[in-house]
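Residue numbers (our numbering): 33 to 398.
The beta-carbon is built from N, C-alpha and C at its ideal position, and this holds for glycine as well.
The following block contains the structure:
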């Protein structure tokens with residue numbers, strides 16, 4: 033229960049900083065803010081400070097900043113200016129674009145700082161310690177046991193489970209010399225990884241090696257210096273961005289199902305709850321991943337998202353006049369409907385993946 037509440041608070045915090053980015057840049061740009069809301073739907077709490085109403089609403093799946101002159105009045109000038117100078121539509125395309133970009137940018141900054149802190153204070157790395165040995169596998173034939181620590185593979189010292197896995201998968205059907213740590217003694221064994229045919233992310237067939245073991249779950253904290261952590265953070269984020277784009281491309285082209293490519297609110301809640309139980313560093317690591325994902329997702333050119341608003345601004349800049357408010361409103365309604373359908377589909381997938389339906393059936397059967 034506590035971890036679930038903490039999960040909701042963390043997700044709410046990511047939404048708050050996103051909307052705070054829009055809010056602060058809009059105010060610095062001289063735009064009057066009418067409402068700053070966390071969540072959608074009926075307002076549970078509200079208070080007013082200056083011209084701005086602050087609110088906490090019932091549906092905690094997002095939030096919004098309502099700016100003066102943002103909608104409801106057609107621009108009167110080709111530049112997009114309308115009404116009073118403190119209205120949103122009175123500002124230049126560049127200023128409005130900065131306001132829209134501020135939300136994703138703040139999420140990106142949160143992702144960077146969070147991951148940098150993880151690398152500096154210590155991040156968990158999975159150790160090459162055997163948890164289970166599968167039957168009728170090369171590992172069983174070599175008499176590997178639970179608790180064995182893989183010290184080296186093919187004369188290469190291994191420090192983490194990932195390092196060990198890379199060496200094994202790269203050598204199908206090739207005998208490898210393993211050095212196993214067991215009860216304080218180093219035991220040499222030779223294991224030939226079993227070949228397995230798989231497909232790479234682009235659907236191309238390839239063969240990898242497997243020996244039939246799974247990790248024990250033992251972790252060890254690793255740290256890097258503050259300067260080195262900057263480069264490590266950038267490389268990790270670039271890898272995540274690349275994986276996200278590749279996953280979306282494979283989903284769009286039908287090479288990977290949505291079930292395997294996308295996680296929604298239920299999945300995020302589950303993963304965050306698990307990270308809360310694991311401790312500070314894993315939780316902050318997940319916060320970085322979620323915040324970066326939120327920044328990327330909001331830049332998609334779907335009208336209801338920040339990317340959709342940026343698309344309208346780009347069209348206004350190219351055409352020399354804004355897209356009509358009627359077209360924008362209809363596009364936003366269609367985008368919102370699409371987003372709701374997507375969220376529902378993803379939630380059903382998450383409920384199936386994480387056994388929610390089975391748990392509900394079990395509760396009802398009691």
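Under 8 Å by Cβ, that's how I've got residue i and residue j pegged, so tell me the actual separation to the nearest angstrom.
i: residue 226; j: residue 314; result: The pair is not a contact, with the Cβ atoms about 32 Å apart (cut-off 8 Å).
i: residue 143; j: residue 323; result: 4 Å
i: residue 128; j: residue 140; result: No, residue 128 and residue 140 are not in contact; Cβ-Cβ is about 19 Å, not under 8 Å.
i: residue 161; j: residue 83; result: Contact doesn't hold; Cβ gap of about 60 Å is too wide.
i: residue 367; j: residue 334; result: 5 Å
i: residue 132; j: residue 342; result: 6 Å
i: residue 199; j: residue 190; result: 7 Å
i: residue 172; j: residue 244; result: 6 Å
i: residue 325; j: residue 285; result: Going by Cβ atoms, the distance from residue 325 to residue 285 rounds to 21 Å, so no, they are not a contact pair.
For residue i, which residues of its own chain have a beta-carbon under 6 Å away from its beta-carbon, when the five flanking residues on both sides are left out?
i: residue 111; result: With a pLDDT of 43 at residue 111, under the threshold of 50, the modelled position of that residue is not reliable, and the figure given next carries that caveat. Excluding residues within five positions, none has a Cβ falling inside 6 Å.
i: residue 159; result: 250, 252
i: residue 332; result: 339
i: residue 214; result: 180
i: residue 228; result: 240, 242
i: residue 203; result: 225, 241
i: residue 317; result: 150
i: residue 102; result: 120
i: residue 26; result: The question about residue 26 has no answer, for the chain in this structure spans 33 to 398.
i: residue 261; result: 148, 151, 152
i: residue 86; result: 68, 79
i: residue 98; result: 66, 67
i: residue 51; result: 95, 97
Could you name the residues that DSSP lists as bridge partners for residue i?
i: residue 163; result: Note: residue 163 sits in no beta bridge, so no partner.
i: residue 157; result: 252
i: residue 218; result: 213
i: residue 95; result: 70
i: residue 88; result: 70, 77
i: residue 246; result: 164
i: residue 335; result: Per DSSP, none; premise fails for residue 335.
i: residue 230; result: 238
i: residue 188; result: 185
i: residue 223; result: 208
i: residue 65; result: 99
Can you list, in chain order, the residues of its chain whose CB lies under 7 Å from that of residue i, leaving out five sequence neighbours each side?
i: residue 221; result: 174, 210, 212
i: residue 207; result: 222, 224
i: residue 104; result: Note on residue 104: pLDDT 49, under 50, position unreliable in the model; no value is reported.
i: residue 344; result: 355, 360
i: residue 258; result: 152
i: residue 219; result: 212
i: residue 391; result: Low local confidence applies: a pLDDT of 47 at residue 391 is under 50, so the model's placement there is unreliable, with the coordinate-based value given in what follows. The answer is none, since no qualifying residue turns up.
i: residue 254; result: 154, 155, 157
i: residue 77; result: 87, 88
i: residue 118; result: 62, 63, 64, 100
Can you name, in chain order, every residue of its own chain whose Cβ lies under 8 Å from the Cβ of residue i, other than the five neighbours on each side?
i: residue 130; result: 57, 61
i: residue 230; result: 237, 238, 239, 240
i: residue 75; result: 69, 87, 88, 89, 90
i: residue 59; result: 65
i: residue 394; result: No answer about residue 394 holds up, because its pLDDT of 47 lies below 50 and its placement is not dependable.
i: residue 364; result: 335, 336, 340
i: residue 137; result: 53, 327
i: residue 256; result: 151, 152, 264
i: residue 348; result: 112, 125, 354, 355
i: residue 163; result: 178, 245, 246, 247, 248, 249
Quiz item: Taking only runs of the alpha helix (DSSP H) that begin and end inside the stretch 190-215, which ones reach a length of at least 4 residues, in chain order?
Solution: 193-201
Quiz item: Counting pairs of Cβ atoms below 8 Å between the stretch 341-357 and the stretch 184-191, do you hit three or more?
Solution: no
Quiz item: For the 8 Å Cβ check, are there 3 or more pairs between the stretch 258-267 and the stretch 147-157?
Solution: yes
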